[in-house]
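**Student:**
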Amino acid sequence: MLADFLEYDFLRNTFLTGLLIGIIAPLLGTFVVVRRLSLIADALSHVTLAGIAFGLFIEKKFAITFITPIYSGMAFSVIGSIFIEKLRGVYKAYQELAIPIILSGGVGLSVIFISLANGFNTDLFNYLFGSVSAVSVKDLYSILTISVIVLLLVGLFYKELFTLSFDEEHAKISGIHSKPIHFLFIILTALVIAASIRIVGVLLVSALMTLPVAASMRLAKGFKQMMFLSIAFGELAVIMGLISGYYFSIPPGGTIVVISIVILLLSIGIKKFKINRIRKQVNINGY
Amino acid sequence: MTETVVSMNNISYAYERKNVLENVNLEIPKGSFMGLVGPNGGGKTTLIKIILGLIRPDSGNIQLLGKNIDTFRDWNKIGFVSQKANAFNKGFPATVFEVVSMGLTAKIGYLKFFKAKHKQKILEAIEQVGMLEFAYQNIGNLSGGQQQRIFIARSLVNEPELLILDEPTVGVDAENVKRFYELLHRLNREQNITLLLVTHDTGTMTEHATDIVCLNRTLHFHGDPQTYTSLSEKDLSTIYGHPVNIVVHDH
Ligand SMILES: Nc1ncnc2c1ncn2[C@@H]1O[C@H](COP(=O)(O)OP(=O)(O)O)[C@@H](O)[C@H]1O
Ligand SMILES: [Mg+2]
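Chains F and A supply the protein sequences, listed in that same order.
With the first letter of the first sequence counted as 1, position 77 gets the number 76 in my numbering; the numbers rise by one all the way through.
Residues are numbered in my numbering as their position in the second sequence, beginning at 1, plus a constant of 1085.
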């Protein structure tokens, strides 16, 4: 099965793209989860769908091909992330309100562009649930570029992103410019979501950002450890998900998420096992 | 001449229309251990936020380490342990080492990385608060008192001249409160760090502080602990607006 992925060009594109998003989605997901912004990922993925639908629409109606749906999705996602930040500022006491507003806005626009483009087709289905076969070389290069940018910026601003996530007030007092750093974070999140949609699909992209983090959170001692473990779990889920998706002809979004959930359940089991073992040892060494 | 670390002149502040501080004049001498007491809602946290530059006073001026607050840039010389420090996300997966390292983030600066000498400083700060054996433990697994020590270490790693603590011992048990004050005492007397401490445990505090300040919208008292403990109940109840009694611990 793995041999197929190396032999056929289109599968190799998918496989390489999968490996890339298996790194960047859990990487950004780590910050998203600890800042309790998991739902923002969901809202942004629906805005991205609107952008993709817009891209498909202009492709179909005006035969414009230089803006691929990935690029228009990315543009919508970034604009959506800026709106979320503005709304969170307007509704200071009800910051979570920004999420349903942006999410429903995204779905509303998607419906409009989809019907303008004469309704559902396989392209759209692929964007909703991911696809093993739809990744073009062009997509691969776009996603590679985004991945390099994301890795570079997270690497350069790691200590600021980490410090701000833990304690915003203290970060501000110590002289970190919280606004631009937060802005950087939200833009990176928007880019990662747009990039991941090719493989996992709009509906499940937030799962690839959060489930590996949820699993590693239970096992890791520190933040860096959690980050690397999340990436390992993310890669495992993507590789196994792509192979099984291909083998059973299921959109990989579904298989990747189900495997992520299995990993999560195993991690909960391992943690329980560890705690029980420690308790037993305490009983033996104790009175 | 004794140096002053903080000097506030005629500071007033109001949230919307509610006057919280009126004409506060306060000097914090270098090397002092100042206890800031007063009733709930008396404006203690607000006063600290003004010193930290988080809010601007409506009137008055402030000097920090001899510089006007508007031009002051050495924020890492001022350490802060918040009232809310203990209310951080307990599930946040960070080791003690990682938490203390955050104290250096701003000082190291953008686009620069942690080096071996920083690692050394972080471990020293953890050792100063007596938590070295927990350096690679998850902060969420520690007790409230231990976590407060870690937050102090996060400030100490910058070698601050002034350390401000807002009710750090809330929710810490009596035995650990005692050890906590011993730590503060050491930092103040041995390392010459100026301390500003907001607290309600006046009994323990008066044993260690060099100055006591009483704030209820305006400053009602500024003197040494002996004078403070000898204040009559009548004096105190005018400050607090209700009867109080100080618990003095004798040994
Ligand atoms: N953000 C705020 N907005 C409006 N009022 C506030 C705010 N923060 C504090 N206050 C009010 O200011 C007064 C002083 O509060 P604070 O400085 O926290 O007092 P303390 O720390 O002495 O208990 C209180 O009456 C409080 O209700
Ligand atoms: Mg307070």
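Yeah, the Cβ is synthetic: ideal placement off N, Cα and C, and Gly gets one too.
Small disclaimer: the values here were computed from a predicted structure and weren't measured.
Check the Cβ-Cβ distances between residue 177(F) and every residue of chain A, and say whether any is below 8 Å.
**Tutor:** no
**Student:** One question on the structure: do residue 77(F) and residue 219(F) come within less than 8 Å of each other, judged by their Cβ atoms?
**Tutor:** With contacts defined by Cβ atoms closer than 8 Å, residue 77(F) and residue 219(F) do not form a contacting pair.
**Student:** Measuring alpha carbon to alpha carbon, tell me which residue in 1119(A), 1097(A), 1188(A), 1096(A) is nearest residue 1308(A).
**Tutor:** 1119(A)
**Student:** Name, in chain order, the residues that DSSP records as bridge partners for residue 1251(A).
**Tutor:** Residue 1251(A) is bridged by DSSP to 1283(A).
**Student:** Closer than 7 Å between the C-beta and any heavy atom of ligand 2: which residues qualify, listed along the chain?
**Tutor:** 1129(A), 1130(A), 1168(A), 1251(A), 1252(A), 1283(A)
**Student:** Hey, how far is the Cα of residue 1(F) from the Cα of residue 1201(A)?
**Tutor:** 43 Å
**Student:** Indicate, with yes or no, if ligand 1 has a heavy atom lying under 7 Å from the CB of residue 245(F).
**Tutor:** no
**Student:** Would you give the residue range spanned by the beta strand (DSSP E) that residue 1270(A) belongs to?
**Tutor:** Unbroken run through residue 1270(A) is the alpha helix (DSSP H), 1259-1275; no beta strand (DSSP E).
**Student:** What do you reckon, is the C-beta of residue 1127(A) under 7 Å from a heavy atom of ligand 1?
**Tutor:** yes
**Student:** What does the Cβ neighbour count give for residue 1223(A), buried or exposed, with the cut at 16 atoms within 10 Å?
**Tutor:** Result: buried.
**Student:** Output yes if chain F places a C-beta closer than 8 Å to the C-beta of residue 1101(A); else output no.
**Tutor:** no
**Student:** Start and end of the beta strand (DSSP E) containing residue 1143(A)?
**Tutor:** Looking at the DSSP string, residue 1143(A) is not in any beta strand (DSSP E), and its letter there is neither H nor E.
**Student:** Restricting to runs no shorter than 3 residues, where is the beta strand (DSSP E) found entirely within the region 192-238 of chain F?
**Tutor:** Segments of the beta strand (DSSP E) lying fully in the region 192-238 of chain F: there are none.
**Student:** Counting only beta-carbon separations shorter than 8 Å, does residue 33(F) have a partner in chain A?
**Tutor:** yes
**Student:** From which residue to which residue does the alpha helix (DSSP H) around residue 324(F) run?
**Tutor:** With chain F covering only 0 through 286, there is no way to say anything about residue 324(F).
**Student:** For residue 1335(A), count neighbouring Cβ atoms within 10 angstroms of its own Cβ and tell me buried if that reaches 16, exposed if not.
**Tutor:** A caution first: residue 1335(A) carries a pLDDT of 47, below 50, which makes its placement in the model unreliable, though a value can still be read off. Sixteen is the threshold: since fewer than 16 other Cβ atoms of the shown chains lie within 10 Å of the Cβ of residue 1335(A), the residue is exposed.
**Student:** Return the bridge partner residues of residue 1100(A) from the DSSP annotation.
**Tutor:** Answer by DSSP bridge pairing, in chain order: 1103(A).
**Student:** I'd like to know whether the C-beta of residue 1228(A) is nearer than 8 Å to at least one C-beta of chain F.
**Tutor:** No, residue 1228(A) lies away from the interface with chain F (no Cβ there is under 8 Å from its Cβ).
**Student:** Since residue 1133(A) contacts residue 1251(A) with CB under 8 Å, what's their CB separation in whole angstroms?
**Tutor:** 6 Å
**Student:** Output the distance between the C-alpha atoms of residue 285(F) and residue 275(F), rounded to the nearest integer angstrom.
**Tutor:** Unreliable placement is indicated for residue 285(F), whose pLDDT of 43 sits below 50; no coordinate value is reported for it.
**Student:** Closest by CA to residue 123(F), which one among 69(F), 136(F), 269(F), 102(F)?
**Tutor:** 69(F)
**Student:** Indicate whether residue 258(F) and residue 194(F) have their beta-carbon atoms separated by less than 8 Å.
**Tutor:** no
**Student:** Would you list the one or two residues that DSSP bridges to residue 1166(A)?
**Tutor:** Beta-bridge pairing links residue 1166(A) to 1250(A).
**Student:** Measuring CA to CA, which of 48(F), 94(F), 29(F), 89(F) is closest to residue 75(F)?
**Tutor:** 48(F)
**Student:** Inspect the CB distances between the region 1098-1113 of chain A and the region 1152-1164 of chain A and report whether three or more fall short of 8 Å.
**Tutor:** Verdict: no, contact absent.
**Student:** Output the distance between the C-alpha atoms of residue 201(F) and residue 5(F), rounded to the nearest integer angstrom.
**Tutor:** 26 Å
**Student:** Provide the residue span of the alpha helix (DSSP H) that contains residue 56(F), from first to last.
**Tutor:** 37-61
**Student:** For residue 1175(A), which option in 35(F), 115(F), 89(F), 140(F) has the closest C-alpha, if you only look at C-alpha atoms?
**Tutor:** 35(F)
**Student:** I need the boundaries of the beta strand (DSSP E) containing residue 22(F), first residue and last residue.
**Tutor:** Element bounds for residue 22(F): not the beta strand (DSSP E) but the alpha helix (DSSP H), 8-33.
**Student:** Between the region 165-174 of chain F and the region 121-138 of chain F, are three or more C-beta pairs nearer than 8 Å?
**Tutor:** no
**Student:** Thinking C-alpha only, which one of 223(F), 41(F), 169(F) is nearest residue 1190(A)?
**Tutor:** 169(F)
**Student:** Using a 10 Å radius around the Cβ and a threshold of 16 neighbouring Cβ atoms, would you call residue 1198(A) buried or exposed?
**Tutor:** exposed
**Student:** Count the other CB atoms within 10 Å of the CB of residue 110(F); is the residue buried (16 or more) or exposed (fewer)?
**Tutor:** exposed
**Student:** Mapping the DSSP letters down to three states, classify residue 1187(A) as helix, strand or coil.
**Tutor:** Three-state result, residue 1187(A): helix.
**Student:** What residue range does the beta strand (DSSP E) around residue 1304(A) cover?
**Tutor:** 1303-1308
**Student:** Excluding the 5 residues preceding and the 5 following residue 159(F) in the sequence, name in chain order all residues of the same chain whose CB lies nearer than 7 Å to its CB.
**Tutor:** Counting only Cβ-Cβ distances below 7 Å, and skipping sequence neighbours, we find 175, 180.
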